[in-house]
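**Student:**
Residue numbers (the numbering used here), protein chains in the order written: chain Y, 77 to 577; chain P, 441 to 784.
This is how it looks when you write it as structure tokens:
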């Protein structure tokens with residue numbers, strides 16, 4: 077009955093990978109039969125990336141069993157049997173498409189070789205033969221991905237794992253990619269699709285596995301495989317809103333608008349003609365899949381993507397020099413923290429006169445006092461402010477990153493996926509800090525990919541798809557996460573259909 | 441205050457931690473210096489290497505390397521590279537000597553010209569690196585050659601000495617006395633003037649790197665340029681200051697050497713590139729940015745000067761000197777990798 081019962085395919089049982097106390101993958105069970113497309117869905121930090129890394133042989137599991145076609149399989153020993161296709165090809169941009177196909181497989185021959193007939197046939201099958209002599213970096217992303225597929229086929233890969241493969245592709249290119257995925261499955265390969273896009277999971281997968289907190293919590297197939305079902309499964313067990321967090325500003329109340337965008341258009345086209353007002357005291361979440369323009373829009377408010385049109389950040393007379401600014405925290409912690417500095421130093425990097433004399437000398441005493449105070453206020457769990465930032469857990473690192481951005485009291489606080497890769501406890505605290513900062517009369521704008529996050533943290537949710545804003549969803553009107561999830565999915569679907577039509 | 445006991449305790453652990461950190465860091469370098477001193481003391485004739493006069497010779501010899509290396513440390517800490525300082529060294533002395541001796545400028549104007557040129561060179565380097573976005577390695581490789589060309593053009597490749605100017609030129613004696621006095625004064629124990637200049641520069645750079653907001657942010661920018669950009673730190677301004685500081689200190693060292701030796705020729709300074717880089721690297725600055733101290737760079741220069749001096753006393757010849765210097769530099773980096781594990 078189970079598609080995997082034939083014995084061919086990938087079977088993962090009891091897979092475990094812990095990082096310290098963080099259980100990235102915990103007793104994970106996954107079965108993918110040859111000939112099917114297995115979809116995998118899960119929020120950020122659920123363990124998808126760890127699973128992909130293990131299968132790609134980039135890291136080893138602490139425990140568990142991986143069987144490929146019935147025999148034990150160690151991806152670290154035979155990495156060529158699993159091909160991971162990312163949004164961007166992990167190949168050599170300076171080599172041609174053909175060279176990328178043969179590099180690493182030259183064997184012992186002294187002379188470089190061109191591609192042989194079989195490889196030529198592969199490129200022809202994938203309809204990229206015309207690009208064979210072009211440098212990989214100069215061809216479209218879709219062609220790069222197909223090169224990666226060709227490379228994997230030439231190495232006789234058994235498992236094809238697609239990780240958010242079409243986030244940067246056009247509609248047409250996506251359709252073609254899914255067609256190829258289907259063809260791979262039909263030729264007996266094991267195909268796994270990891271995606272945030274529920275519509276695509278439903279349309280193209282045979283079955284969809286839901287991963288939460290490192291475990292597979294549900295497996296949807298047949299009639300049970302719908303977007304609403306996936307959305308509901310993704311938010312199972314997520315905490316409900318706490319009563320004190322329901323204190324939100326009443327909509328319609330005349331609050332000063334802190335941020336205004338008018339006719340705001342991205343200079344690279346990710347979003348177009350956006351009109352958006354955010355009031356002081358409000359937390360607004362922009363949601364959208366990769367490529368929807370939501371991320372770019374949020375970054376543009378902080379000034380890290382360029383746009384044309386009008387953007388105004390309210391400058392309030394009762395504020396000091398820091399007003400009229402935005403503070404930004406990237407979702408990439410590598411780009412929001414200084415790994416060569418201590419926890420305390422990271423907290424105060426954006427300060428100047430507060431920690432130095434008029435002559436420019438550092439006031440270490442002040443610096444430490446400020447850092448101590450911030451550590452207390454933001455409940456950063458660190459042995460001392462002098463320990464290296466890298467010694468902190470992800471959640472505490474993120475608290476430091478947000479504290480460092482808040483400390484100058486910017487009028488608008490812009491956070492990109494504020495709790496990405498953060499444990500539940502720290503998530504709570506980060507939401508509390510955001511709420512507190514907003515309630516002091518600031519606007520908080522977040523880019524967010526998880527419904528529970530929007531539910532817990534935001535007052536308003538705007539779904540972004542295809543570079544446009546949908547009408548706002550008032551979070552307070554939704555009693556639970558499922559209801560909010562449905563509302564969001566509905567808007568995304570709506571937009572998607574409109575775009576196709 | 442409620443947090444007083446906590447902060448006192450953490451201040452304690454902080455000092456312990458920092459002492460250990462400095463200990464391990466200085467440890468490796470201090471042990472290396474000590475080891476080299478012992479080896480040379482044993483190998484050399486009694487009372488030659490281990491003597492006050494020789495110590496002062498080492499001090500003078502290291503001062504040129506140290507002053508230039510302290511400037512380079514600024515650039516390295518902010519995560520960039522400067523290959524042009526050797527040529528800047530040559531240009532500064534040339535500008536002073538030619539404008540003073542050949543063009544008849546007063547000495548103060550000649551010195552001002554040299555430092556103005558240094559600031560210009562630093563600014564051009566920084567401009568190309570920050571606003572035009574060219575890697576500093578390439579920029580300074582190019583500006584170095586460009587500067588060298590200017591130096592050859594201005595000097596006419598001649599050696600100049602103000603005390604013996606070319607026929608038909610005169611230099612006021614009081615200016616010569618004042619200028620030579622910059623690097624030649626009778627000090628107690630015969631301490632070299634340049635050693636005092638070095639200490640002065642080291643104190644200033646040490647303050648900037650360890651005690652000023654500028655140094656703090658310089659480290660942040662060098663440690664993670666992407667984060668610095670998102671935190672809106674003034675990256676461009678800081679890189680300008682770092683490159684200008686490097687060029688200015690190379691010019692200062694050049695001027696002092698000119699004043700000490702009495703004459704100058706255009707291709708001086710090119711041989712500085714290796715020992716200066718070596719001093720900075722041995723001193724523990726990270727070539728990927730974000731890390732570096734004045735005391736470390738100073739110690740690096742000291743180690744190199746001791747080796748140079750010791751080998752000269754043993755009269756081993758120039759070939760072995762290069763060999764030993766190269767070996768020591770690599771050994772210092774290996775040692776640093778090793779102690780980095782201990783520091784964590």
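Backbone N, C-alpha and C define an ideal beta-carbon position, used for all residues, glycine too. Owing to the predicted nature of the structure, the values given are computational and were not obtained by experimental measurement.
1) Is the beta carbon of residue 152/Y less than 7 angstroms from the beta carbon of residue 140/Y?
2) For residue 773/P and residue 724/P, what's the separation of their Cα atoms in angstroms?
3) What is the DSSP secondary structure of residue 620/P, reduced to helix, strand or coil?
4) Between the beta-carbon of residue 463/Y and the beta-carbon of residue 419/Y, is there less than 7 angstroms?
5) According to the Cβ coordinates, are residue 499/P and residue 632/P closer than 7 angstroms?
6) Taking the alpha-carbon positions, what's the residue 93/Y to residue 244/Y distance?
7) When Cβ atoms are compared, which residues of the stretch 514–533 of chain P fall closer than 9 angstroms to chain Y?
8) Examine chain P for any beta-carbon lying closer than 7 angstroms to the beta-carbon of residue 491/Y, and answer yes or no.
9) Within 10 angstroms of its Cβ, does residue 523/Y collect 16 or more other Cβ (buried), or is it exposed?
10) Is it right to say residue 680/P is buried, meaning 16 or more other beta carbons lie within 10 angstroms of its own, or is it exposed?
11) Is it the case that the Cβ atoms of residue 378/Y and residue 402/Y are separated by a distance below 7 angstroms?
12) Within the same chain, show all residues whose beta-carbon is closer than 6 angstroms to that of residue 601/P, passing over the 5 residues directly before and after it, in chain order.
13) Tell me, to the nearest whole angstrom, how far the beta carbon of residue 537/Y is from that of residue 568/Y; I am working on the premise that it is less than 8 angstroms.
14) Can you find a CB in chain Y that lies within less than 7 angstroms of the CB of residue 663/P?
15) Just to confirm before moving on: does the CB-CB distance between residue 574/P and residue 568/P stay below 7 angstroms?
16) What runs of the alpha helix (DSSP H), each 4 residues or longer, lie entirely inside the stretch 662–698 of chain P?
17) Grab me the residues of residue 306/Y's own chain with a C-beta within less than 8 angstroms of its C-beta, minus the 5 sequence neighbours each way, in chain order.
18) Which residues of the stretch 728–747 of chain P have a Cβ closer than 7 angstroms to any Cβ of chain Y? Give them in chain order.
19) Contact defined as beta carbons within less than 8 angstroms: I believe residue 434/P pairs with residue 514/P. What is the distance between those atoms, to the nearest angstrom?
20) Using three-state DSSP, classify residue 106/Y as helix, strand or coil.
21) Quick one: which unbroken beta strand (DSSP E) runs of 3-plus residues sit fully inside the stretch 138–175 of chain Y? Chain order, please.
22) Can you give the Cα-Cα distance for residue 711/P and residue 666/P, rounded to whole angstroms?
23) Helix, strand or coil: which one does DSSP assign to residue 575/P?
24) Apart from the five residues just before and just after residue 499/Y, which ones in its own chain have a Cβ nearer than 6 angstroms to its Cβ?
25) Return no unless some Cβ of chain P is closer than 7 angstroms to the Cβ of residue 455/Y.
26) Taking just the CA atoms, how far does residue 663/P sit from residue 652/P?
27) Measuring CB to CB, does residue 481/Y end up less than 7 angstroms from residue 450/Y?
28) Whole angstroms is fine: what's the gap from residue 362/Y's alpha carbon to residue 304/Y's?
29) Got a sec: is the Cβ-Cβ distance from residue 426/Y to anything in chain P below 7 angstroms?
30) On the three-state DSSP scale, how would you describe residue 543/P?
31) Tell me the residue span of the alpha helix (DSSP H) that contains residue 751/P.
32) Let me check understanding here. Comparing Cα to Cα, which of 289/Y, 230/Y, 421/Y, 543/Y lies closest to residue 372/Y?
33) Residues of chain P with CB under 7 angstroms from residue 411/Y, in chain order?
34) Using a Cβ cut-off of 9 angstroms, pull out every chain P residue sitting near residue 660/Y, in sequence order please.
35) Is residue 380/Y helix, strand or coil when you go by DSSP?
36) With respect to the beta strand (DSSP E) encompassing residue 527/P, which residues constitute its N-terminal and C-terminal limits?
**Tutor:** Concretely, from the data shown:
1) no
2) 8 angstroms
3) Residue 620/P: helix per DSSP, three-state reduction.
4) yes
5) yes
6) Across the structure, residue 93/Y and residue 244/Y are spaced so that their CA atoms are roughly 30 angstroms apart.
7) none
8) no
9) buried
10) buried
11) Closer than 7 angstroms, so yes.
12) 702, 703
13) Not a contact, Cβ separation roughly 11 angstroms.
14) yes
15) Their beta carbons are under 7 angstroms apart, which means residue 574/P touches residue 568/P by this criterion.
16) 665–670
17) 117, 274, 277, 278, 284, 286, 296
18) So the close ones are 730, 731.
19) As shown, chain P starts at 441 and ends at 784. That puts residue 434/P outside it, with no answer to give.
20) Of the three classes helix, strand and coil, the one that applies to residue 106/Y here is strand, per DSSP.
21) Counting whole runs of 3 or more residues, the stretch 138–175 of chain Y contains the beta strand (DSSP E) stretches 139–144, 158–161.
22) 35 angstroms
23) coil
24) Cβ contact annotation for residue 499/Y (same chain, cutoff 6 angstroms, sequence separation greater than five): 471, in chain order.
25) Not one chain P Cβ lies under 7 angstroms of residue 455/Y.
26) So the alpha carbons of these two residues sit roughly 17 angstroms apart.
27) It is not a contact, given that the beta carbons lie outside the stated cut-off.
28) 20 angstroms
29) yes
30) coil
31) 734–753
32) It is 543/Y whose Cα lies nearest to the Cα of residue 372/Y.
33) Residues of chain P passing the Cβ test: 666, 667, 670.
34) Residue coverage of chain Y in this structure runs from 77 to 577, which leaves residue 660/Y outside it and unanswerable.
35) coil
36) No beta strand (DSSP E) contains residue 527/P, which is instead part of the alpha helix (DSSP H) from 525–537.
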